[in-house]
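For the protein sequence lines, the chains are A and B, in the order given.
My numbering puts the first residue of the first sequence at 4, with every later residue one more than the last.
My numbering puts the first residue of the second sequence at 0, with every later residue one more than the last.
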Amino acid sequence: MSKHPQKIKISETDIKSPMGRLSKDEKVTLIDALDKVLEKGAVISGDVAIRVADVDLIYLGLRVLVTSISKAEELSGKSFSNRERELTKEELEYLARLEKEIRRAEASIPKLIDAKNPKKAEQGIAKLVLTLIELLRRLMEKEVVRRMQKKSLSKIEIQKLGMTFKALGKKMEELKTVFGLEDEELNLDLGPLGNLM
Amino acid sequence: MKGFYLYCIRDRTDPNSKFLMRGINGGKVFIIPYQSIEATVSEVSLKEFGSDEIQKRAQEDLKWIKEKAQLHEKVVERAMKGKGRVLSIIPMKFGTIFKTKKKLEETLKKYYSKFKKTLENLKGKQEWGVKVYLDRQAFNKEIKKVSPVVQEKEKEIASMPEGTAYFMQKQVDDAVSKEADKALQNYGESFFENLRKYTAAGTKGKILEKELTGKSLPMVLNMIFLVSEEKLKGFIKEVNKLNKEYKPRGFNFEYSGPWPPYNFI
């Protein structure tokens, strides 16, 4: 290739968005791009084809990757394939690390409560407790509605239960305000199990 | 040993223009011509990319996939950029590698007429995405407004004892939610049909979860269209119009493009 010293260098931003793509949202654009590159596009048989794992599984992992980098670090030792096999050395190490994490967390829970930032610790604990109450409240409410539909509750019972749940609902709102929590925050991320609610 | 990673195929361009960028394995991106088409490629180490190790990585190492797929996309987008216009190209799916230049040229020869035809069809057309997000509360409120049954029920509830009313309201809300789900399907269809009129082709993509989009509103519709250059203005105008018109009902339209035509080849 001949040298073209006078050639204008393409700037970094040019390469990032050569078309000057019209989109406000970088995160969504990134996911779009990955989706298109990995799943769509022309397929012709070359000598080597890099086989990417089941795209749905990638999505599962991407969710974590895009949401938080630190979490992805944790996951990087994790296998996304579902073959039956022995645990590899890395996986064993990963599990050992996880176990250590659990022990460490266990040890630091009492410390967290008297942490230097009691307000924050308080909010964390409040979030956990309120999430569990909210879960129970929803489950029980569903059960009442089910029984109402089966007509196995008397009018007075319905009235009483209704008042109870309404009061509980109001109390929850109050507590959420006190601890500065949003509805959306009252959920638990159970990792690979998904969300609690 | 070096292999050739294939990014995309396009019509022959000015042989003097250079890519000036690095590809998936750090190799320079360059062109391999064949008759009136050309392949955009870069060299990759076959030792690295042909081995079982790389297959394993592609299966398990998300960070690796993300990085490499982004590079693939960057090169494809660069190849799409002509002088002040979008070139028609055939973007490849991630991960096609040829062991020799000869093998790649053979493939170009074998599918030549097919590539030519596809490029001809894509000429002057661009891929655009339109995503719709929905404020469920605002939408449900609208549904309530237009349902006489719900109006009636809510009147009834107003005269009930408070506790009983609480559960009745729950049931009404559930019913409204179900009704809204059904209505949403119809809205989606009509949005798609409406925009489809401005485009050469259309398809629907995955609905992405909130965790992925990072948005407060959930995505309810993901549409992808192939739009002719001359109809692009009208298409975008229509998206903006829909956005304005349906905002009070909780809908939020966002468009992005032009994309390489991954969905229409």
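Cβ coordinates follow ideal geometry from the N, Cα and C atoms, glycine included.
These numbers were taken from a predicted model, which means no experiment stands behind them.
Beyond the five residues adjoining it in sequence on each side, residue 123/B comes within less than 8 Å, by CB distance, of 87, 227, 228 and 229 in the same chain, given in chain order. Per the C-alpha coordinates, the member of 190/A, 28/A, 125/A and 146/A positioned closest to residue 169/B is 146/A. Each of 219/B, 39/B and 17/B was checked against the Cα of residue 186/B, and the nearest Cα belongs to 219/B.
Contact of residue 36/B with chain A is not assigned, every C-beta pair being separated by 8 Å or more. Annotation for residue 147/B: the continuous alpha helix (DSSP H) segment containing it runs 147 to 157. Unbroken alpha helix (DSSP H) stretches of 4 residues or longer found wholly inside the stretch 22 to 74 of chain B: 45 to 48 and 51 to 59, given in chain order. When the beta-carbon positions are compared, residue 85/B and residue 39/B stay at least 8 Å from each other.
At least one C-beta of chain A is nearer than 8 Å to the C-beta of residue 166/B.
Every alpha helix (DSSP H) of 4 residues or more that sits fully in the stretch 172 to 248 of chain B is shown, in chain order, as 209 to 212 and 231 to 245. Apart from the 5 residues on each side of it in sequence, residue 63/B sits with its Cβ closer than 8 Å to the Cβ of 56 and 57 in its chain, given in chain order.
Proximity of residue 162/A to chain B, defined by a Cβ-Cβ separation below 8 Å, is satisfied. Within chain A, the residues whose beta carbon sits less than 8 Å from that of residue 48/B are 51 and 53, listed in sequence order. Check the Cα spacing between residue 126/B and each of 129/A, 39/A and 30/A: the tightest is with 39/A.
Taking C-beta separations shorter than 7 Å and ignoring five residues to either side along the sequence, the partners of residue 250/B in its chain run 131 and 133, following chain order. Bridge pairing for residue 175/A: absent [DSSP]. Closer than 8 Å to the CB of residue 136/A there is not a single CB belonging to chain B. Distance from the CA of residue 28/A to the CA of residue 166/A, rounded to the nearest whole angstrom, comes to 45 Å. With a cutoff of 8 Å on beta-carbon distance, residue 36/A and residue 72/B are scored as near each other. Residues of the same chain with a CB within less than 7 Å of the CB of residue 252/B, apart from the 5 flanking positions on each side, are 129, 131, 238, 241 and 242 in chain order.
The beta carbon of residue 1/B lies closer than 6 Å to those of 42 in the same chain, with the five residues before and after it left out.
The three-state reading of DSSP puts residue 253/B in strand, counting E and B together. In this structure, the beta-carbon distance from residue 144/A to residue 168/A falls below 8 Å. Residues of chain B with a Cβ closer than 7 Å to the Cβ of residue 28/A are, in chain order, 253. Contact annotation: in the stretch 154 to 181 of chain A, residues whose CB is within less than 8 Å of a CB in chain B are 158, 161, 162, 163, 164, 165, 166, 167, 168 and 169.
Cα atoms of residue 221/B and residue 254/B: separation of roughly 10 Å, rounded to the nearest angstrom. At a cut-off of 8 Å between beta-carbon atoms, residue 234/B makes no contact with chain A.
DSSP places residue 31/A in the helix class (H, G or I) of the three-state scheme. Around residue 98/B, the same chain offers 2 and 45 as residues with beta carbons nearer than 7 Å, after the five sequence neighbours per side are excluded.
Taking the CA atoms as reference points, residue 183/B sits about 15 Å from residue 173/B. The stretch 124 to 143 of chain A makes contact with the stretch 171 to 187 of chain A: 3 or more CB pairs, one atom from each, lie closer than 8 Å. The residues 87 and 260, in chain order, have a CB closer than 6 Å to that of residue 121/B in the same chain once the five nearest residues on each side in sequence are set aside.
Separation of residue 6/B and residue 25/B (C-alpha to C-alpha, rounded to the nearest whole angstrom) is 14 Å. Taking C-beta atoms under 8 Å as the contact rule, residue 11/B and residue 36/B qualify, at a distance of about 6 Å.
Among the CB atoms of chain B, one or more fall inside 8 Å of the CB of residue 44/A. Between residue 13/B and the set 29/B, 22/B and 244/B, the nearest pair of CA atoms involves 29/B. For residue 106/B, the uninterrupted alpha helix (DSSP H) segment begins and ends at 100 to 109.
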